[in-house]
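At position 83 of the sequence shown (counting the first as 1) the number is 82 in numbering that gives the first Met the number 0, and the numbers step up by one without a gap.
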Amino acid sequence: MTKNNFRRLLLTFEALSDLGREMTVAREFPETARIMLTSLCEAVGAREGVLFTYSDRPSMLTSVSHLGFATFPQVVFIPLLPKHAHALVSSRGPVAVGSTNYELYLSPNGNIAPELFRCLAPLRVAGKLVGVVALGRREDDAAYESDHLEAIATLVNYMALAVQNHVLTQSLETRIAENLRLLGSLHNFYDNALEAFAAAIDVKEPAIHGHSLRVGRYAAAVAESMGMDMSAVAGIKAAGYLHDVGMVAVDRHIWQKPSQLDPVEFKEMADHTIVGHRILSGIEFPWPKVAEVVRSHHERADGSGYPDQLRMSEISQPARIVAVCDTFDAMTSQRPYRRPLQVGEALSEIVRLTPQKYDPVPVHGLLVQVRRDSTGTNKQPFLDRRLVCNISPSDIDNLASLVQYKLTSGRTYHT
């Protein structure tokens with residue numbers, strides 16, 4: 000069941016990647032609509048589907064694109080009564096439909112029989128109905144279960160934005176203002192989908208629950224403290240969320256082993272970086288180097304890491320940031336083979352290993368964020384709620400000074 004759920008999440012995320020890319024390509028909207036509808040159907044195993052736009056004067060659904068239906072008019076229209084429009088607007092999300100309930104949402108007075116549809120997904124932006132995706136039969140005539148409806152709910156958010164953006168072409172000024180708002184919405188949808196992936200990655204072993212989420216959030220905060228722009232911060236957060244995606248291929252008993260791994264077990268564990276890179280390399284993210292970071296987050300400055308034994312100048316800056324944050328969370332988390340370190344202990348150990356193992360710049364960024372927590376000046380707490388900040392601001396300042404001293408005492412650092 001876990002593998003099936005993760006596979007569905009992966010298909011959903013691949014569809015999200017496709018939708019995000021297609022929304023930014025300059026082409027006629029019907030072609031964009033066809034590509035988006037195809038991505039959605041493939042993600043949930045639907046054999047048939049149609050994308051409608053909605054107009055309220057008169058209240059009408061009009062098809063933009065359809066696929067899979069054996070016989071279908073070139074353009075489909077379905078007039079809606081007020082009760083139908085209200086039901087679609089007030090629906091909590093996609094709904095499975097059949098002969099007993101389709102009349103709640105659709106009128107039979109159009110040029111197509113509503114009985115053809117098995118699932119309806121209203122497209123809404125800011126509470127306003129802009130369209131509907133209607134899906135027909137699934138593969139092997141299987142039903143639309145709750146997990147399919149959840150995946151559809153995530154994907155149609157993108158489609159709603161695309162439909163709304165299409166409508167806004169009537170007014171250039173309005174389109175510019177709305178696009179700025181929609182861009183923020185796109186980042187939110189991506190972030191929500193990535194959080195779902197991060198949670199799924201860690202479901203295998205209770206000892207690591209929340210690890211991927213924390214690494215993503217730590218990495219974003221460290222990148223922010225380094226002065227990186229918001230797009231770069233978002234990309235680093237995404238890489239942090241997904242850094243352990245390859246762990247789905249690691250046998251559970253290895254996670255639970257309370258003693259040192261033998262060489263075969265260590266190789267299986269280490270190969271999660273390669274597996275993760277392979278999973279993500281075919282996905283086009285809005286940010287560069289996500290797959291590269293997943294492959295390189297266990298590389299170390301002195302070449303002692305894996306899988307490629309890269310040295311400092313060969314490791315991308317996002318990967319160096321995720322490496323520091325991954326190490327910090329691992330040190331402060333319970334593991335079968337050791338107790339968790341306190342925050343101060345973990346920071347001291349990371350500083351001890353800098354710059355031999357870790358990039359001093361994100362290490363300093365980590366210290367900055369913990370110091371803000373210790374003085375209560377962070378807008379949002381940096382440390383996870385399970386951690387207690389047991390180190391004083393002056394001790395953090397001493398660690399930061401030590402990092403700087405190491406850099407200026409004959410050691411070199413290359414960007």
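C-beta: ideal position from N, C-alpha, C; glycine also.
- Message: Applying the 10 Å Cβ sphere with the 16-neighbour rule, what's the burial state of ASP358?
- Response: Buried.
- Message: Buried or exposed for GLN368, going by 16 or more other Cβ atoms inside 10 Å?
- Response: It counts as buried.
- Query: Excluding the five sequence neighbours on either side, which residues of its own chain have a C-beta within less than 6 angstroms of the C-beta of GLU27, listed in chain order?
  - Reply: The beta carbon of GLU27 is closer than 6 angstroms to none in its chain, skipping five residues each way along the sequence.
- Message: Helix, strand or coil, according to DSSP, for LEU426 in the structure here?
- Response: A query on residue 426 cannot be resolved here, the shown segment of the chain reaching from 0 to 414 and no further.
- Message: Less than 9 angstroms between the C-beta atoms of LEU103 and GLY135, yes or no?
- Response: Contact flag unset, no.
- Message: Which of the three DSSP states is assigned to LYS127 in this structure?
- Response: Three-state result, LYS127: strand.
- C-alpha gap between GLY226 and PHE381, whole angstroms: Answer to the nearest angstrom: the Cα atoms are 16 angstroms apart.
- Query: Just reading off the beta strand (DSSP E) that PRO78 is part of, what are its end residues?
  - Reply: 76-78 is the extent of the beta strand (DSSP E) around PRO78.
- With DSSP as the reference, label THR374 as helix, strand or coil. Of the three classes helix, strand and coil, the one that applies to THR374 here is helix, per DSSP.
- Item | Same chain only: Cβ atoms within 7 angstroms of LEU401, ignoring 5 sequence neighbours per side | So the qualifying residues of the chain are VAL350.
- Mind reading off the beta-carbon distance from ASP250 to GLU267? Whole number of angstroms is fine, and I expect it under 8 angstroms. With a Cβ gap of about 7 angstroms, ASP250 and GLU267 count as contacting.
- Task: Could you pull the start and end residues of the beta strand (DSSP E) that LEU66 belongs to?
- Result: Its beta strand (DSSP E) spans residues 58-66.
- Between which two residues does the alpha helix (DSSP H) containing ASP396 stretch? Here the alpha helix (DSSP H) through ASP396 covers 392-406.
- Task: Find the nearest neighbour of HIS276 within the set HIS297, ARG384 and ASP261, judged by alpha-carbon distance.
- Result: If we check each option's Cα against that of HIS276, HIS297 comes out closest.
- Task: Classify VAL263 as buried or exposed, calling it buried when 16 or more other Cβ atoms lie within 10 Å of its own Cβ.
- Result: Taking every protein chain shown into account, the CB of VAL263 has fewer than 16 other CB atoms within 10 angstroms, so this residue is exposed.
- Item | Same chain, Cβ closer than 7 angstroms to LEU87, neighbours up to 5 away in sequence not counted | Setting aside the 5 residues that flank it on each side, LEU87 is surrounded in the same chain by TYR104, PRO121, LEU128 and VAL131, each with a C-beta closer than 7 angstroms to its C-beta; the list follows chain order.
- What's the call for LYS236, buried or exposed, on a 16-neighbour Cβ count within 10 Å? The residue is buried, with at least 16 neighbouring Cβ atoms inside 10 Å.
- Item | Boundaries of the beta strand (DSSP E) in which GLY48 is found, first to last residue | Unbroken beta strand (DSSP E) run through GLY48: 48-55.
- Message: Assess contact between the stretch 333-345 and the stretch 386-394, defined as three or more Cβ pairs (one per stretch) separated by less than 8 angstroms. Is contact present?
- Response: The stretch 333-345 and the stretch 386-394 touch, with no fewer than 3 CB-CB distances between them shorter than 8 angstroms.
- Buried or exposed (CB count within 10 angstroms, at least 16 for buried), LYS356: The residue is buried, with at least 16 neighbouring Cβ atoms inside 10 Å.
- Task: Output the boundary residues of the alpha helix (DSSP H) element that contains TYR417.
- Result: The structure shown has nothing for residue 417, since the chain only spans 0 to 414.
- Query: Can you tell me the Cα-Cα spacing of CYS40 and LEU309, whole angstroms?
  - Reply: Computed Cα separation, rounded: 41 angstroms.
- Hey, could you find the ends of the alpha helix (DSSP H) ARG213 is sitting in? From DSSP, the alpha helix (DSSP H) with ARG213 extends over 210-224.
- Message: On the CB-based measure, 16 or more other CB atoms within 10 Å of its CB, does GLN163 come out buried or exposed?
- Response: Under this definition GLN163 is a buried residue.
- Taking Cβ positions, are VAL360 and ARG319 nearer each other than 9 angstroms? Yes.
- Message: Using CA atoms only, rank isn't needed, just tell me which of GLN379, ASP301, THR376 and ASP325 is closest to LEU352.
- Response: The shortest C-alpha separation from LEU352 is found at ASP301.
- Under 9 angstroms between the Cβ atoms of SER62 and VAL43? Contact: no.
- Message: Taking the straight line between their C-alpha atoms, what separation do you get for VAL323 and ILE273?
- Response: Between the alpha carbons of VAL323 and ILE273 lies a distance of about 19 angstroms.
- Message: Less than 9 angstroms between the beta carbons of TYR101 and LEU119, yes or no?
- Response: In this structure, LEU119 lies closer than 9 angstroms to TYR101 by Cβ.
- Which class does LEU382 belong to by DSSP, given the choice of helix, strand or coil? Correct three-state label for LEU382: coil.
- In whole angstroms, what separates the C-alpha of LYS378 from that of VAL124? Computed Cα separation, rounded: 29 angstroms.
- Determine the direct distance from the alpha carbon of SER211 to that of ALA218, and round the result to whole angstroms. For ALA218 and SER211, the distance between alpha carbons rounds to 10 angstroms.
- Proximity to LEU60 [Cα-Cα], best of ALA95, LEU50, LEU66 and HIS252: When only C-alpha atoms are compared, the closest one is LEU50.
- Can you grab the Cα-Cα spacing for the pair ALA150 / SER408, in whole Å? Each residue's alpha carbon lies about 54 angstroms from the other.
- Item | In DSSP terms, what PRO121 is bridged to | In DSSP, PRO121 forms a bridge with VAL131.
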